[in-house]
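Chemist:
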Amino acid sequence: MKLTINGAEREIEAPPDMPLLWVIRDLAGLPGTKFGCGKAQCGACTVHLDGNPVRSCVLPISEVGARRITTIEGLSSDGSHPVQRAWIEADVVQCGYCQSGQVMTAVALLARKPEPSDDDIDRAMSGNICRCGTYNRIRDAIHLASRLQRGGK
Amino acid sequence: MNRVTRRGFMIGTTTSLAGLVLSFHVPESFARGPKGVPPPPLPPANAFLRIAPDDSVTVVLAHSEMGQGIWTSLAMLIAEELDCDWSKVRSEHAPAAGVYAAPGVGMQITGGSTTTLLEFDRYRKVGATARDMLLRAAAARWKVPREKLVAEAGVIRNGAKRLRYGEVAVEAMALAPPASVKLKDPKAWTLLGKPTRRLDSPEKVTGKATFGIDVSFPGLRTAVILRPPAFGATLVRFDDRSALRVPGVEKVVQIPTGVAVVAKHFWAAMLGRDALVAEWRQPEGGGVSTEELLAEYRRTAQKPGVPVSAAGNVVAALSAAKTKLVAEFDVPYLAHATMETLNCAVRIDDDRCEIWTGTQFQTGDQKVAATILGTTIDKVQIHTMFLGGGFGRRASPQSLFVAEAVTLAKAAGVPVKVVWTREDDIRGGYYRPMYVHRVQVGIAANGLPSAWDHVVVGQSIMSSAPWASVVMKDGIDLTSIEGTESPYVDNVPARRVTLHTTTVPVPVNAWRSVGNTHTAFAIESMVDELAHAAKRDPLEYRLALLASKPRFIAALTLAAAKAGWGTPPPPGRARGLAVHESFGSIVAEVAEVSIDQGHIRVHAVTCAVDCGVVLNPLGVDAQIQGSIVFGLGAALHGKLTIKDGQVQESNFHDYPLLRMFETPRVSVHLIQSNAPLGGIGEPAVAPIAPAVANAVFALTNQRLRSLPFRLA
């Protein structure tokens, strides 16, 4: 089947029930998207379909269709996306394993809501677990990213 | 290219620092290959530091980065003394080799909040040694006395003349290292002590950081293992015919830990595992159940156990006391639930073996692999990948998850990466053990304790570990009772701590902050009850008990002041506090809570920390934040239930971790301290549960003595 991943069209051979996560990781060779639970419980596998965040670990590849897939690798190759810059500036990461999913969820939030409140952030981000407990800095980083995106500093 | 024989290097480093070899080249074979392709084999371990012609400084880490920030802090130690350009510094994990054994420990291991303090001298000396050699090389090139030269930010100057480190690295490398080096006075530090951002952020926010689970190379297969459904269950028979029909499944192999399905990729292995039909025999006696175990522990706690520490006659003092307070506390089994599940990739070539994994214990892993393969440890290469969380789970004393993968790779005859599912992880054992504490306190007329009798019941996690000799004393696992020698208690005239070490067929292991997770809960809750019984303010009562302990007083006083202790909290809220020393650091926490539709809500945690000299305030703050989230998740949610040997929970829906909406605002206040360097990865975990319990009591008059908290 044809998939559009990070702007590039790719021909992938996969069983129709194979979750998008494993197609991305094991067949497309993009390991930045992570496996955490396999049950849409933790958000580590979050990617975008046409800009909307989805849990790729429970999404059969057959349901993706023509929608454009964006993974963490497709956000920017050099960490220049405002959310990535904010994450670095706010020194968010610890082990870093969940952060691809956190960043992808935050990007989708800011696209929908450029100036989110703390409550907006809590609502959008509470599906993403961080075992290292970086939540406070994630909140700070999202506010910072919001300013960066709007051209502020 | 500089090559140093292992033998020459080892001799050098065991005798003096003079033998530390600094490799200033980046040999081609050191370079990491393209993403997803395993790096080529490393030459024998030969350096802690490399300076390349492009001035890049690569720090080689003898410990594992699992989120705690040593990727940055160890590099800071070298960079401070090297006077290099911080923007040119990067880190990488060392291979497994004797030279990387932690000073004073003799093993390459990461745990116990010890990395930075164990490496404080060694890494600074490496930096100072390299700086000296660079200066001497520049002096030789310019034919001037070394004393005339100044080094700063990676540049050596002699008047108007300049040389970058990268320009003299090759010559410096040829020089003999100095016999000794003088380290900077901390007052002269320009990097240490300053808030410094992490070096691993760029790769971790772009998806480029490679964790063990991300390792892939041509020919590598993925395996998922069908594991026993209950602790102690044994395999009777299995049928793999359906599994082998799943497209992508290549082999089904029985190994001691279960039945492995080896496939082209993870999803095929999962489907293959689902298709396996297996029959298991339940353990003898039906298997353990936590409900019964807890009842048994409570009965056991009625009597004193093996003496751990004692002073005075506690029995007489208790019976003489007019007022007594007795309370029992219990904590459940807990899984570490690292976000990256366990995994390990292995490739065997004849008598050589390469292992890619996120591990906290390279020395043990290397030994166990060599034993399984009948080879020597120098034939076992370990590539330590980023760890997607450790918390103790990746410090397997017997290196079990590595042993399993090596065993499978050997049996299957192909390179294989074992990946644990979340269910495997939650049900896979090696937990923080269940514990019960019973504390009886005799109260004197002044309201202070006159007798303290503390009984601890639970499993030893260390008795069979390779480091048992360090943490076991006269049959007592010191991690079972760490924290019971509390500063509140050591002035009590009659006191006793005793331990019942239980034997239960549930595997246990160290879990972030280890024994302190339960001892601090019991003690800080008990002290709060005593304050209430004495009708005294919880802070004031603690300060009275801690009269001769200035570091504790400073931490408590600061946290209380910053939290507004003594001023009324917002309506519907109350505050509680706790202070605890562990890993050489003292942490006081004040929690502000409310009850929201029957649920405990923690709004704010104010924290004061005395961890001795602070090397990176930004990193300390991160560890405190994370530890509080870790401890609060356990206090509010964490519980494993075992019935007939089977763990009932399986994933995050029934073993919930703390999420953002439940996370309090955490403010961290660092104490300027002259105390020796303390650990920081764990000490803030323990105080949060009692701080919240004490706050809930202040709000509701309800004592919460059981973890996780359940309101009546």
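Listed in order, the protein sequences are those of chains S and Y. For the first sequence, this note's numbering assigns the number 1 to the initial residue and increments by one for each residue that follows. For the second sequence, this note's numbering assigns the number 1 to the initial residue and increments by one for each residue that follows. No residue lacks a Cβ here, since even glycine has one placed at the ideal position from N, Cα and C.
When you compare the CB of Q362(Y) with every CB in chain B, is at least one pair closer than 7 Å?
Modeler: Structure shown: chain B not included; protein chains present are S and Y.
Chemist: Are the CB atoms of A317(Y) and A451(Y) nearer to each other than 7 Å?
Modeler: Within the second sequence, numbered from 1, the residue matching residue 317(Y) stands at position 317. Within the second sequence, numbered from 1, the residue matching residue 451(Y) stands at position 451. Yes. Within cutoff.
Chemist: According to DSSP, is H63(Y) part of a helix, a strand, or is it coil?
Modeler: Numbered from its first residue, the second sequence carries residue 63(Y) at position 63. Three-state result, H63(Y): coil.
Chemist: What does DSSP give as the partner residue(s) for T501(Y) in the beta ladder?
Modeler: If you number the second sequence from 1, residue 501(Y) lands on position 501. According to DSSP, T501(Y) bridges with G458(Y).
Chemist: Measuring only the C-alpha atoms, how far is D122(S) from P617(Y)?
Modeler: Translated into positions along the first sequence, residue 122(S) becomes position 122. Translated into positions along the second sequence, residue 617(Y) becomes position 617. Distance between the alpha carbons of D122(S) and P617(Y): 26 Å.
Chemist: In whole angstroms, give me the CA-to-CA distance for D477(Y) and M462(Y).
Modeler: Counting from one through the second sequence, the residue named residue 477(Y) turns up at place 477. Counting from one through the second sequence, the residue named residue 462(Y) turns up at place 462. Roughly 6 Å between the two C-alpha positions.
Chemist: Hey, V346(Y) and A405(Y): beta-carbon distance below 7 Å or not?
Modeler: For this step, residue 346(Y) is matched to residue 346 along the second sequence. For this step, residue 405(Y) is matched to residue 405 along the second sequence. Result yes, Cβ atoms of V346(Y) and A405(Y) sit closer than 7 Å.
Chemist: Would a check of beta-carbon distances place G43(S) closer than 7 Å to chain Y?
Modeler: Locating residue 43(S) in the first sequence gives position 43, counting from the first residue. Not a single CB atom of chain Y sits nearer than 7 Å to the CB of G43(S).
Chemist: So, using beta-carbon positions, are H437(Y) and F329(Y) closer together than 7 Å?
Modeler: In the second sequence, residue 437(Y) corresponds to position 437, counting from 1. In the second sequence, residue 329(Y) corresponds to position 329, counting from 1. Yes, these two residues count as a Cβ contact at 7 Å.
Chemist: Does any C-beta atom of chain Y lie closer than 7 Å to the C-beta of M157(S)?
Modeler: Residue 157(S) falls outside the range modelled here, since chain S spans only 1 to 153, and no answer is possible.
Chemist: Per DSSP, what kind of secondary structure is L148(S) in: helix, strand or coil?
Modeler: Taking the first residue of the first sequence as position 1, residue 148(S) is located at position 148. Residue state, collapsed to three classes: helix.
Chemist: Excluding the 5 residues flanking A369(Y) on each side, which residues of the same chain have their C-beta closer than 7 Å to its C-beta?
Modeler: For the purposes of this step, residue 369(Y) is taken as the residue at position 369 of the second sequence. Once the five neighbours on either side are set aside, the close Cβ partners of A369(Y) are C353, I355, V380, V402 and V406.
Chemist: Which residue's Cα is closest to the Cα of P588(Y): L670(Y), P505(Y), A230(Y) and P568(Y)?
Modeler: Within the second sequence, numbered from 1, the residue matching residue 588(Y) stands at position 588. In the sequence under discussion, the amino acid at residue 588(Y) is Ala, which differs from the Pro named in the question. When each option's Cα is compared against that of A588(Y), the closest is L670(Y).
Chemist: Exposed or buried, which one is V331(Y) when buried takes at least 16 other CB atoms within 10 Å?
Modeler: In the second sequence, residue 331(Y) corresponds to position 331, counting from 1. Buried is the call here.
Chemist: Against chain Y, with Cβ distances strictly below 7 Å, would E115(S) count as a contact?
Modeler: On the first sequence, residue 115(S) is found 115 positions in, with the first residue counted as 1. Chain Y, which has no Cβ nearer than 7 Å to the Cβ of E115(S), makes this no.
Chemist: Can you have a look at N6(S) and say buried or exposed, based on whether 16 or more other CB atoms are within 10 angstroms of its CB?
Modeler: Stepping through the first sequence from its first residue, residue 6(S) is reached at position 6. So N6(S) counts as buried.
Chemist: Who are the neighbours of R665(Y) on chain S, taking C-beta pairs under 8 Å?
Modeler: Mapped onto the second sequence, residue 665(Y) falls at position 665. Those within 8 Å of R665(Y) in chain S are N136.
Chemist: Using a Cβ cut-off of 7 Å (strictly closer), state whether H653(Y) contacts chain S.
Modeler: Against the second sequence, residue 653(Y) aligns to sequence position 653. Yes, its Cβ sits closer than 7 Å to a Cβ of chain S.
Chemist: Taking the straight line between their C-alpha atoms, what separation do you get for V103(S) and L657(Y)?
Modeler: Residue 103(S) sits at position 103 when you count from the first residue of the first sequence. Residue 657(Y) sits at position 657 when you count from the first residue of the second sequence. Distance between the alpha carbons of V103(S) and L657(Y): 19 Å.
Chemist: Of all Cβ atoms in chain Y, is any one closer than 7 Å to the Cβ of V58(S)?
Modeler: As a working note, residue 58(S) is residue 58 in the first sequence. It does not: the Cβ of V58(S) has no partner Cβ on chain Y nearer than 7 Å.
Chemist: Excluding the five sequence neighbours on either side, which residues of its own chain have a C-beta within less than 8 Å of the C-beta of F279(Y), listed in chain order?
Modeler: What you label residue 279(Y) is simply residue 279 of the second sequence in a count that begins at 1. It is Glu, not Phe, that sits at residue 279(Y) in the sequence shown. Within the same chain, E279(Y) has close Cβ partners L235, V236, R237 and F238.
Chemist: Is the CB of D214(Y) under 7 Å away from at least one CB in chain S?
Modeler: Translated into positions along the second sequence, residue 214(Y) becomes position 214. It does; some Cβ of chain S falls within 7 Å.
Chemist: Take E9(S) and list the residues in its own chain whose beta-carbon comes closer than 7 Å to its own, dropping the five residues that flank it on each side.
Modeler: For the purposes of this step, residue 9(S) is taken as the residue at position 9 of the first sequence. Answer for E9(S): K2, listed in chain order.
Chemist: When you compare the CB of I142(S) with every CB in chain Y, is at least one pair closer than 7 Å?
Modeler: Within the first sequence, numbered from 1, the residue matching residue 142(S) stands at position 142. For I142(S), the answer is no, since every Cβ of chain Y falls outside 7 Å of its Cβ.
Chemist: If you measure between the beta carbons of I680(Y) and C611(Y), is that distance less than 7 Å?
Modeler: Numbered from 1 along the second sequence, position 680 holds the residue referred to as residue 680(Y). Numbered from 1 along the second sequence, position 611 holds the residue referred to as residue 611(Y). Closer than 7 Å, so yes.
Chemist: Should E73(S) be flagged as near chain Y, meaning a C-beta pair shorter than 7 Å?
Modeler: Numbered from 1 along the first sequence, position 73 holds the residue referred to as residue 73(S). Yes, because at least one Cβ of chain Y sits closer than 7 Å to the Cβ of E73(S).
Chemist: By how many angstroms is the C-alpha of S56(Y) removed from the C-alpha of H81(S)?
Modeler: By 1-based counting over the first sequence, the position of residue 81(S) is 81. By 1-based counting over the second sequence, the position of residue 56(Y) is 56. C-alpha separation (whole angstroms): 25 Å.
Chemist: Tell me the DSSP bridge mates of R496(Y)?
Modeler: Locating residue 496(Y) in the second sequence gives position 496, counting from the first residue. Answer is A310(Y) and D453(Y).
Chemist: Please confirm whether M1(S) has its beta-carbon closer than 7 Å to some beta-carbon of chain Y.
Modeler: Within the first sequence, numbered from 1, the residue matching residue 1(S) stands at position 1. Chain Y, which has no Cβ nearer than 7 Å to the Cβ of M1(S), makes this no.
Chemist: Tell me, please, whether the CB atom of F217(Y) is closer than 7 Å to any CB atom in chain S?
Modeler: Taking the first residue of the second sequence as position 1, residue 217(Y) is located at position 217. By this cut-off, F217(Y) is not an interface position.
Chemist: What ranges does the beta strand (DSSP E) occupy inside the stretch 131 to 171 of chain Y, keeping only unbroken runs of at least 3 residues that lie completely in it?
Modeler: 150 to 152, 155 to 158 and 161 to 164
Chemist: Contact between the stretch 212 to 222 of chain Y and the stretch 151 to 169 of chain Y: three or more CB pairs below 8 Å?
Modeler: no
Chemist: Measuring CA to CA, which of D119(S), A108(S) and G74(S) is closest to T206(Y)?
Modeler: Reading the second sequence from its first residue, position 206 is the one you call residue 206(Y). Comparing Cα-Cα distances from T206(Y) to each of D119(S), A108(S) and G74(S), the minimum goes to G74(S).
Chemist: In this structure, what does DSSP give as the bridge partners for M472(Y)?
Modeler: Position 472 of the second sequence holds residue 472(Y). Answer is D477(Y), bridged to M472(Y).
Chemist: Could you check what DSSP says for L226(Y) in three-state terms: helix, strand or coil?
Modeler: As a position in the second sequence, residue 226(Y) is number 226, starting the count at 1. In the structure shown, L226(Y) sits in a strand (DSSP, three-state: E or B).
Chemist: For a contact defined as C-beta to C-beta under 7 Å, what are the partners of S160(S) on chain Y?
Modeler: Limits of chain S in this structure are 1 at one end and 153 at the other, which puts residue 160(S) out of reach.
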